Amino acid sequence: MLVLEQGESFATQNFARSNWNLRKWLWMPRLGCRGIFRMSFFRHVTVLSGAGVGGGSLVYANTLPTPPPAFFQAAAWRGLADWENELAPHYQTALRMLGANTVPFTTPADDALREVARDLGREQHVHPSRVAVWFGEEGVEVDDPYFDGAGPRRSGCTACGACMVGCRVGAKNTLDRNYLHLAQGLGARVQAATEVRALRQSNPGDPIRVEGLQRLGLGRRRRQQWTADRVVVSGGVLGTQKLLQRMQADRDGLPHLSARLGHGVMTNSESLTGVSTQAGGPDHSKGIAIGSVLQCDERSHLETVRYPAGSGFFRLLMAPHAEGRNWFMRSGRVLGQLLRRPLRWLRAYLVRDWAKQTVILLYMRSDEETLRLVRGRFGRLRTVVPRGGGPTAHMPEAADLSRRVAAKLGGVVGCLLPETLFSRPTTAHILGGCPMGASAAEGVLDAHHRVHGHPDILVVDGSALSANPGVNPALTITAMAERAMSQVPDSAA
Numbered sequence: 356m357l358v359l360e361q362g363e364s365f366a367t368q369n370f371a372r373s374n375w376n377l378r379k380w381l382w383m384p385r386l387g388c389r390g391i392f393r394m395s396f397f398r399h400v401t402v403l404s405g406a407g408v409g410g411g412s413l414v415y416a417n418t419l420p421t422p423p424p425a426f427f428q429a430a431a432w433r434g435l436a437d438w439e440n441e442l443a444p445h446y447q448t449a450l451r452m453l454g455a456n457t458v459p460f461t462t463p464a465d466d467a468l469r470e471v472a473r474d475l476g477r478e479q480h481v482h483p484s485r486v487a488v489w490f491g492e493e494g495v496e497v498d499d500p501y502f503d504g505a506g507p508r509r510s511g512c513t514a515c516g517a518c519m520v521g522c523r524v525g526a527k528n529t530l531d532r533n534y535l536h537l538a539q540g541l542g543a544r545v546q547a548a549t550e551v552r553a554l555r556q557s558n559p560g561d562p563i564r565v566e567g568l569q570r571l572g573l574g575r576r577r578r579q580q581w582t583a584d585r586v587v588v589s590g591g592v593l594g595t596q597k598l599l600q601r602m603q604a605d606r607d608g609l610p611h612l613s614a615r616l617g618h619g620v621m622t623n624s625e626s627l628t629g630v631s632t633q634a635g636g637p638d639h640s641k642g643i644a645i646g647s648v649l650q651c652d653e654r655s656h657l658e659t660v661r662y663p664a665g666s667g668f669f670r671l672l673m674a675p676h677a678e679g680r681n682w683f684m685r686s687g688r689v690l691g692q693l694l695r696r697p698l699r700w701l702r703a704y705l706v707r708d709w710a711k712q713t714v715i716l717l718y719m720r721s722d723e724e725t726l727r728l729v730r731g732r733f734g735r736l737r738t739v740v741p742r743g744g745g746p747t748a749h750m751p752e753a754a755d756l757s758r759r760v761a762a763k764l765g766g767v768v769g770c771l772l773p774e775t776l777f778s779r780p781t782t783a784h785i786l787g788g789c790p791m792g793a794s795a796a797e798g799v800l801d802a803h804h805r806v807h808g809h810p811d812i813l814v815v816d817g818s819a820l821s822a823n824p825g826v827n828p829a830l831t832i833t834a835m836a837e838r839a840m841s842q843v844p845d846s847a848a
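Dropping the structure here:
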């Protein structure tokens, strides 16, 4: 078995110490940045995603919630399988494989979230996060505690807050430390710095030709080809879409791909804001990336998020949070905030350590707003909003919750510039684009993740989610992958 990854392979000590080290943190290879964090700007959404051997797990916030029952009954896919019952055992396997544990401590941000929950009469609905982290004894390295010694050694979490910059401690259970590590022990080979440029199969049953471009360093590249009987595509939504849409447009690519490719793209209906607090207060950089979760109602959640000390990159993209359905209203309200509290905002921008003074708030809800990704000029992906409207940054509930948390912490609320200027939401969980359906007329994949028209190719990543979970999707993606692989005959695995 061969695993190809466009990004780099990272040892724990090679991650960036802060997100100011753009070369090691940011993925922008044309500028020499080959890190783990990618920002993609589209007309209707800003997407945050990951890169590297281990994929999004290198940069995600470790959080492993289970979606509400409505997710499994969503109209888009409920007729294809009894999802809740079929996935139940695979959720348990995923929790075991990812090394799930409950966060054993709280932080001032978690306390503020609990106070907000109490004010709203929802205190019983706030709880510590379930995360893919080994806590153990702080900073102490031990033999693999998960797979009877077959996995790598782990070190106890030090609550440094660096989960989304890259865990240099060895406590975060990223995919290169479980699934990929165990696969390599069984003979799989992982080749990093290799972009898959093409998948070619004329008809079902034919061998699949895989074409890749490997970066060798010093500007050198090597073209490679392989032949496979079966291929699993797990490039994340943007990577998978880019590859499959290129093959859809190529006469010698994958001629039987469904016209539904690129439809049903979801943003998890997210809102990201930041509460900047006064200097001299609590250090908000200490803890786990996401320490606690408030279930606001049956369809929405709020989480407190952090970056480690010294990580102030997002200060460059921050603006006062302002609501309004057009640019003039939002701009006027931004100006009003700056004029009313000029010193407060000046301190927010100039604070010595942004991460220590800032709490990020992630709000998610299970709305069914969708986008479409299409192949534009020069092969670049672009977004299209279907009739009925797409995702929006205008979320009054999220804004109200942000103000409540800011009041508890004595801070002001900001957000990323694209949200304020263009009402363009930001999502860390882009999903969909390869919807499931009973036939190619209804979806790109069948209920077993096989591509309609090319059943020897499976798509097993967030692209296959056909409904909006409204929670961090990593656990669900893993459970669906477990289910998909359990249905592949052993002789073909």
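Using the numbering used here, read the sequence shown as starting at 356 and increasing by one per residue.
Think of the CB as a built atom: it goes at the ideal place given N, C-alpha and C, for glycine as much as any other residue.
Everything numeric in this text was worked out from a predicted model, so none of it was measured.
Alpha carbon of Gly-560 to alpha carbon of Leu-771, nearest angstrom: C-alpha separation (whole angstroms): 48 angstroms.
Return the chain-ordered list of same chain residues with a C-beta closer than 7 angstroms to the C-beta of Ala-761, the five sequence neighbours on each side being excluded. Cβ contact annotation for Ala-761 (same chain, cutoff 7 angstroms, sequence separation greater than five): Val-630, Val-767, Val-768, in chain order.
Endpoints, alpha helix (DSSP H) assigned at Tyr-718: From DSSP, Tyr-718 is part of no alpha helix (DSSP H) but of the beta strand (DSSP E) over 713 to 720.
Taking C-alpha atoms, which residue in Leu-357, Thr-831, Ser-686, Leu-820 lies nearest to Asp-584? Leu-357
Where Pro-751 sits in the DSSP three-state scheme: helix
Suppose you measure from the CA of Leu-616 to the CA of Arg-707; what does that come to, to the nearest Å? 46 angstroms
Helix, strand or coil for Gln-650? Go by DSSP, reduced to three states. strand
Pull up the distance between the alpha-carbon of Gly-434 and that of Pro-746, whole angstroms please. 25 angstroms
Closer than 8 angstroms by C-beta to Val-481: which residues in its own chain qualify, once you throw out the five before and the five after it? Chain order, please. Excluding residues within five positions, the ones whose Cβ falls inside 8 angstroms are Leu-468, Arg-469, Ala-472, Ser-647, Val-648, Leu-649, Gln-650.
Where does Pro-562 sit, in a helix, a strand or coil, going by DSSP? coil
According to DSSP, simplified to helix, strand and coil, what is Val-471? helix
My understanding is that Gly-405 touches Arg-389, with C-beta atoms under 8 angstroms, so please give their C-beta distance in whole angstroms. Between Arg-389 and Gly-405 the Cβ distance is about 13 angstroms, and since that is not below 8 angstroms, they are no contact.
Counting only runs that start and end within the stretch 394 to 481, where is the beta strand (DSSP E) found for 3 or more residues in a row? 401 to 405
Closest to Ala-449 by CA distance: which of Asn-417, Arg-702, Met-750, Gly-476 is it? Asn-417
Could you pull out every residue in the same chain whose Cβ sits closer than 6 angstroms to the Cβ of His-445, ignoring the five residues on either side in sequence? Ala-834, Glu-837, Arg-838
Is the beta carbon of Val-400 less than 8 angstroms from the beta carbon of Thr-622? yes
For Ala-703, the first and last residue of its enclosing alpha helix (DSSP H): 697 to 705
Taking Phe-899 as the reference, which of Val-408, Ser-373, Gly-387, Trp-382 has the closest Cα? No statement about residue 899 is possible, as the shown extent of the chain runs from 356 to 848 and does not include it.
Kindly give me the distance between the Cβ atoms of Glu-774 and Ala-547, rounded to whole angstroms, as I take these residues to be in contact under 8 angstroms. So it is not a contact: roughly 34 angstroms between Cβ atoms.
Whether Asn-528 touches Gly-590 by CB criterion (8 angstroms): no
Check Gly-506 in the structure and name its three-state DSSP category. coil
Excluding the five sequence neighbours on either side, which residues of its own chain have a C-beta within less than 6 angstroms of the C-beta of Tyr-534, listed in chain order? none
Find out if the Cβ-Cβ distance for the pair Val-524, Gly-494 is shorter than 8 angstroms. Yes. Within cutoff.
Around the C-beta of Leu-609, are 16 or more other C-beta atoms found within 10 angstroms, so that it is buried, or is it exposed? buried
On the three-pair Cβ rule with 8 angstroms, is the stretch 510 to 519 touching the stretch 654 to 669? yes
Among Ala-538, His-803, Leu-830, the one whose alpha carbon lies nearest that of Val-843: His-803
For Ala-436, which of Ser-821, Val-689, Asp-722 has the nearest alpha-carbon? When each option's Cα is compared against that of Ala-436, the closest is Ser-821.
With DSSP run on the structure shown, which of helix, strand or coil describes Gln-361? coil
For a test of the three-state rule: what should DSSP assign to Ala-583, helix, strand or coil? strand
Note down the Cα distance separating Ile-643 from Gly-410, rounded to an integer number of angstroms. The alpha-carbon separation between Ile-643 and Gly-410 amounts to approximately 20 angstroms.
What three-state label does DSSP hand Phe-392 in the structure shown? strand
Neighbourhood of Arg-696 by C-beta, 8 angstroms cutoff - its chain only, sequence neighbours within 5 removed: Val-767
Could you pull the DSSP bridge partners for His-656 from this structure? Gln-650, Met-719
Taking the alpha-carbon of Asp-466 as reference, which of Val-729, Pro-828, Ile-645 has the nearest alpha-carbon? Ile-645
Return the CA-CA distance between Gly-798 and Leu-786, expressed in angstroms with no decimal places. 15 angstroms
Round the Cβ separation of Ser-412 and Leu-530 to the nearest angstrom and send it over; I've been treating them as touching at under 8 angstroms. 4 angstroms
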